[in-house]
Ligand code: NDP
Ligand code: 8G0
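Numbering (my numbering), first residue to last: 202 to 649.
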C-alpha cells in the first residue's frame with residue numbers, strides 16, 4: 202500500500218473535510234508498516250473500508266423556540282464501524298458541528314473503543330444546535346425533535362449514543378426519555394444517564410480521572426511523581442473539571458482553565474475553595490470562566506479570547522476543550538518553559554505540527570484516543586451493568602477504570618516502544634494496537 206496515493210485519493214473524494222483527513226492521515230502514517238506486513242489486508246482493501254464510515258445519517262431537526270418561532274438545525278449520526286461491537290460514541294451539540302468534524306470523531310472513536318478492551322464499535326453524532334443561551338424547555342424540544350429522527354437507528358445492541366461537547370446530563374436525560382417513549386422499551390440505549398435511571402457511578406468523572414491515571418502510568422516510565430507538578434488544563438467542561446479535581450487530590454497544582462471566551466492563569470494553583478467555585482459556576486449556573494477571575498482577582502489573571510498555553514508556566518499540559526486548540530507555536534511555547542508531558546483529554550486537541558514538536562522533543566505525549574478513553578470505557582461498563590440489570594459501587598467502577606487505563610498504557614508501550622531506545626511513541630502505539638484488533642475482526646467477517 203502506498204500511503205501518499207491512498208491519502209491523496211481520499212482527499213480528492215472528500216475535499217472539504219479537513220478534520221476527517223487530519224485524523225485519517227495521522228493513523229495511516231503510523232500503521233503503514235504493520236499493514237504492509239499482512240498482504241491479505243491489502244487484498245481485502247481493508248484500509249479503505251476502515252477509513253470510510255459504514256453509514257452516515259443526516260436529517261433536519263425542526264423545533265419551536267420560546268417565542269413561537271420554528272427553527273431548523275441539521276442532525277447527524279456517523280456509524281463508522283461495528284466490527285468489534287455495537288456502534289458507540291457521543292453526541293455533540295455546538296454551532297461548529299459539521300460532517301467533517303463528526304467523521305473525524307467517529308473514526309477516532311473506532312480505534313479508541315478497540316483500545317478499551319470492551320466490545321464497542323465506533324460512532325459519533327450531533328447537531329449544529331447550540332444549547333448555550335437556550336431555556337431548558339427549548340433544549341428539551343430540540344432533544345425530542347432530534348430523537349424523533351434518530352430513534353429508529355439506535356438501540357442497546359445496535360448503536361449507543363452518549364454526551365459530548367454541549368451534551369451533558371440534562372440533554373442525555375431528555376434524549377433518553379424520548380427514546381424510551383418512542384421505542385417503548387427501557388434499555389441502556391444511551392450512556393451518561395442519571396444515576397436514578399441506569400447511569401453508572403463514576404461516569405461523569407471517568408474521562409478526567411482516566412486521563413490522570415494514564416498520565417501517572419506515563420510519568421512512572423520515567424520515575425517521575427505527580428506531587429507538586431504544575432498542570433495547565435484547557436476547557437472547564439466535564440472533562441476539564443474532573444481532571445482538575447483528581448489532580449488536586451493527587452497533590453498537583455492546577456494552574457489554568459479556560460472556555461471559548463478566554464482563559465485564567467492561577468500561578469499558585471487552584472485552592473479547594475476556588476475549585477469549588479468553578480465547579481458550581483459551570484455545573485449549577487452555566488457561567489463563564491471569567492467570573493472566577495472576577496471572584497478571585499488576587500489569585501488569578503484572565504486572558505480574554507486567549508488559550509492558556511502561552512500564558513502559563515507548567516510541567517504538564519492537559520488540553521481538554523476541543524480539536525486543534527494547541528498549535529505549533531503553543532507547543533514550542535510549552536516546551537520552551539519546560540513542559541515534560543502532554544496528555545490529551547479532548548479529541549485531537551493538538552495540531553499535526555504541535556504533535557511533531559512534542560515527538561521531536563521526546564517528551565511524554567499521549568494522544569486523546571489513549572488518554573481520554575476512560576470516558577467511553579466507563580460507558581461500556583454502564584452498558585454491561587444495564588444489560589445485567591445491576592449496578593456496581595463507585596469503588597468497583599473506579600478500580601475497573603484504573604485497570605483499563607493501565608491496560609491501554611501497556612498496549613501503547615507494546616506497540617509504540619522505539620527500537621534501540623527507551624522512548625515510547627504513544628501515537629504509534631495507540632494507533633497500531635487499536636487498528637490490529639479491528640482489522641482482525643473485519644478480516645474474519647468477510648466483505649461487508
Ligand atoms: P463540555 O461541553 O462539557 O465542555 C467543553 C469545554 O470546552 C467548555 O469549557 C467549552 O467552552 C470549551 N470549548 C468547546 N468548544 C470550544 C471551542 N471551539 N473553542 C474553545 N473552547 C471550546 O464538553 P466535554 O468536557 O465533555 O468535552 C471536551 C472534549 O473532550 C471534547 O473534545 C470531547 O470530544 C472530549 N471527550 C469527552 C468525553 C466525555 O466523556 N465527555 C470523553 C472523551 C473525550 P464554552 O463553555 O465556552 O463552550
Ligand atoms: O460515552 C461515550 O460514548 C462518549 C461520550 C463522549 C465522548 C466520547 C469519546 O470517547 O470521545 C465517548
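C-beta: ideal position from N, C-alpha, C; glycine also. Being a predicted model, the structure only gives us computed values, none of them experimental.
Check	Outcome
Quick check on residue 377: does DSSP put it in helix, strand or coil?	helix
Start and end of the alpha helix (DSSP H) containing residue 630?	627-646
When the Cα atoms are used, what is the spatial distance from residue 397 to residue 592?	11 Å
Among residues of its own chain, excluding the 5 on either side of residue 619, which ones have a beta-carbon nearer than 8 Å to its beta-carbon?	625, 626
Is residue 344 helix, strand or coil when you go by DSSP?	helix
Starting from residue 419, follow the alpha helix (DSSP H) in both directions and report where the run begins and ends.	404-421
First and last residue of the alpha helix (DSSP H) that includes residue 252?	247-252
Measure the C-alpha to C-alpha separation of residue 378 and residue 346 and round it to an integer number of angstroms.	12 Å
Go ahead and pull the three-state DSSP assignment for residue 572.	helix
Look at the alpha carbon of residue 646 and the alpha carbon of residue 564, and state the distance between them as a whole number of angstroms.	39 Å
Nearest to residue 429 by alpha carbon, out of 407, 363, 422, 516?	516
Please confirm if the segment 444-458 is in contact with the segment 598-606, defined as three or more CB-CB distances below 8 Å between the two stretches.	no
Going by other Cβ atoms of all chains shown within 10 Å of its Cβ, with 16 needed for buried, is residue 486 buried or exposed?	exposed
Between residue 580 and residue 390, how many whole angstroms is the CB-CB distance? I'm expecting something under 8 Å.	Actually they do not touch by this definition, with Cβ atoms about 12 Å apart.
Which two residues bound the contiguous beta strand (DSSP E) that contains residue 503?	502-505
Where residue 344 and residue 532 are concerned, what is the direct C-alpha to C-alpha distance, given to the nearest angstrom?	38 Å
Identify whether residue 275 lies in helix, strand or coil by the three-state DSSP scheme.	strand
Taking only heavy atoms of ligand 2 into account, decide whether any of them is closer than 6 Å to the Cβ of residue 289.	yes
Quick one: Cα of residue 210 to Cα of residue 642, how far?	25 Å
Only counting the same chain, and skipping five residues up and downstream in sequence, which positions put a Cβ closer than 8 Å to that of residue 607?	414, 418
Tell me the rounded alpha-carbon separation between residue 383 and residue 349.	8 Å
Go ahead and pull the three-state DSSP assignment for residue 288.	strand
Starting from the C-beta of residue 630, find all residues in its chain whose C-beta is less than 8 Å away, skip the five residues before and the five after it, and write them out in chain order.	571, 612, 613, 614, 615, 616, 617, 618
Which term fits residue 338, buried or exposed, when burial requires 16 or more other beta carbons within 10 angstroms of its beta carbon?	exposed
Are the segment 353-373 and the segment 575-590 in contact at 8 Å, needing three or more beta carbon pairs?	yes
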